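> Quick note on numbering: the sequence shown equals residues 1 to 175 in this note's numbering.
Built from N, CA and C at the ideal position, the CB exists for glycine as well.
It should be emphasised that the depicted structure is a prediction, and the values quoted were computed from it without experimental measurement.
Dumping the structure here so I can ask a few things about it.
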Amino acid sequence: MKKVLKLTLALALMMSASSLFAQKFGRIDTSALLVAMPETKEMQASMETFVNGLRETLETMQVEYNNKLQEYQKNLNTWSDGIRQVKEKDLVDLQGRIQEYQQAASQDIQNKEIELRNPIIEKAKAAIDKVAAANGYLAVFDISMGSLAFYDEAALTDISPLVRAELGITEEAAN
């Protein structure tokens, strides 16, 4: 009886040790994946259009400021003190509006990028989750951030090809 118990215990230990080694771990470079997604190219085009619109408005404001500054400099000696003060205040106000616009535009650019990037990130994450679950991966490590101090590249399976296939990204589309 003791012999059977020892044999059963030894067998159980061997099975648990072998199941530990049977765990699958994956790795993926999400930065490269996001760059390869067609949605990222669409996002970049949208951002370029958005930024160009903001830039055009800023350039219009700067042209207006430069025109008023030239007018001020040209007519400085011919204006009375009252008119000169009104023109100076107008220049200062316009310069302040330009600075406020630049700050607001910078914030708008950040917000727009987040608004456009989040659905892309969610789609990539969903594909990674789906591939990992379908292929029995215990964990998938993102190597794009360099947050892993060390990993054995041979022990971690690169799931990028599977995720790209899940997202419908072909090698031609990635380039």
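Whose CA, out of A133, E122, D142 and I109, lies closest to the CA of Q44?
On the sequence shown, residue 44 is found 44 positions in, with the first residue counted as 1. Ranking A133, E122, D142 and I109 by Cα distance to Q44 puts I109 first.
> If I follow the unbroken alpha helix (DSSP H) through F50, where does it start and stop?
As a working mapping, residue 50 is identified with position 50 in the sequence shown. It spans P38 to N75 - the alpha helix (DSSP H) in which F50 sits, taken as one unbroken run.
> Quick one: what does DSSP say T30 is sitting in, helix, strand or coil?
Within the sequence shown, residue 30 is the residue found at index 30, counting from 1. The answer is helix: DSSP assigns T30 an H, G or I state.
> Nearest to I114 by CA position, among M47, I28, A32 and V63, is which residue?
Working through the sequence shown from its first residue, we reach residue 114 at position 114. Of the candidates M47, I28, A32 and V63, the one whose C-alpha sits nearest the C-alpha of I114 is M47.
> In chain order, which beta strand (DSSP E) runs of at least 3 residues are fully inside the region 68-152?
Counting whole runs of 3 or more residues, the region 68-152 contains the beta strand (DSSP E) stretches 137-142.
> I'd like to check one pair, V131 with L162: are the Cβ atoms closer than 9 Å?
For the purposes of this step, residue 162 is taken as residue 162 along the sequence shown, with counting starting at 1. For the purposes of this step, residue 131 is taken as residue 131 along the sequence shown, with counting starting at 1. Yes, they are a contact pair.
> Given that a residue counts as buried once 16 or more other Cβ atoms are within 10 Å of its Cβ, and exposed if not, what is S160?
Here residue 160 corresponds to residue number 160 of the sequence shown, with the count starting at 1. Per the 10 Å Cβ criterion, buried.
> Just to confirm my understanding: we take L54, look at its own chain, exclude 5 residues before and 5 after, and list those with CB closer than 6 Å. What are they?
In the sequence shown, counting from the first residue as 1, residue 54 sits at position 54. Hits under 6 Å: A105.
> In the DSSP assignment, find the alpha helix (DSSP H) that holds A165 and state where it starts and stops.
Translated into positions along the sequence shown, residue 165 becomes position 165. First-last of the alpha helix (DSSP H) with A165: S160 to L167.
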